[in-house]
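Colleague: Have a look at the structure that comes next, please.
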Amino acid sequence: MIKFPFCVSSGLVELEKEVAERVDAKGQRLSIKYEDEEKDLVLITCDTDLEFLASKTAIKLFVHLADDNRLAFKRSQSE
1 MIKFPFCVSS
11 GLVELEKEVA
21 ERVDAKGQRL
31 SIKYEDEEKD
41 LVLITCDTDL
51 EFLASKTAIK
61 LFVHLADDNR
71 LAFKRSQSE
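Number 79 marks the last residue of the sequence shown (the UniProt record's numbering); no jumps.
Listed below in structure tokens is the structure:
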């Protein structure tokens, strides 16, 4: 587990950079998810998803190296 402060208004790109730096995954595509109230893992795909978490005092993120094809498919479904 890695803990660090982050202002969600900085946006998803900055979050991805911060996480990649901390887990030594620079230059790799990441899949970042959070656990919602129903215990479902929700993929963070845009700044709006991240802003939804702004009211939380602590956010537990789940990070995986992304499979570009699966990530693109999930993004197109949510648009």
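For glycine and all other residues, C-beta sits at the position ideal for the given N, C-alpha and C.
(1) Within this structure, are the beta carbons of residue 30 and residue 14 separated by less than 8 Å?
(2) According to DSSP, which residues form a beta bridge with residue 12?
(3) Taking the straight line between their C-alpha atoms, what separation do you get for residue 27 and residue 63?
(4) Less than 7 Å between C-beta atoms, sequence neighbours within five positions excluded: which residues of the same chain meet that for residue 35?
(5) Apply the 10 Å Cβ neighbour rule to residue 65 and answer buried if 16 or more other Cβ atoms are within range, or exposed otherwise.
(6) From this set, 11, 19 and 10, which residue's C-alpha is nearest residue 3's C-alpha?
(7) Inspect the beta-carbon positions of residue 11 and residue 47 and report whether they are closer than 8 Å.
Modeller: Judging by the given coordinates:
(1) For the purposes of this step, residue 30 is taken as residue 30 along the sequence shown, with counting starting at 1. For the purposes of this step, residue 14 is taken as residue 14 along the sequence shown, with counting starting at 1. No, Cβ-Cβ distance for residue 30 and residue 14 is not below 8 Å.
(2) Stepping through the sequence shown from its first residue, residue 12 is reached at position 12. Looking at the DSSP output, residue 12 shares a beta bridge with no other residue.
(3) Counting from one through the sequence shown, the residue named residue 27 turns up at place 27. Counting from one through the sequence shown, the residue named residue 63 turns up at place 63. So the two alpha carbons sit approximately 15 Å from each other.
(4) For the purposes of this step, residue 35 is taken as the residue at position 35 of the sequence shown. So the list reads 41 and 60, once near-sequence residues are dropped.
(5) Residue 65 sits at position 65 when you count from the first residue of the sequence shown. Around the CB of residue 65, fewer than 16 other CB atoms lie within 10 Å, so the residue is classed as exposed.
(6) Mapped onto the sequence shown, residue 3 falls at position 3. Looking at 11, 19 and 10, the one whose alpha-carbon comes closest to that of residue 3 is 19.
(7) Translated into positions along the sequence shown, residue 11 becomes position 11. Translated into positions along the sequence shown, residue 47 becomes position 47. For residue 11 and residue 47, yes; Cβs fall inside 8 Å.
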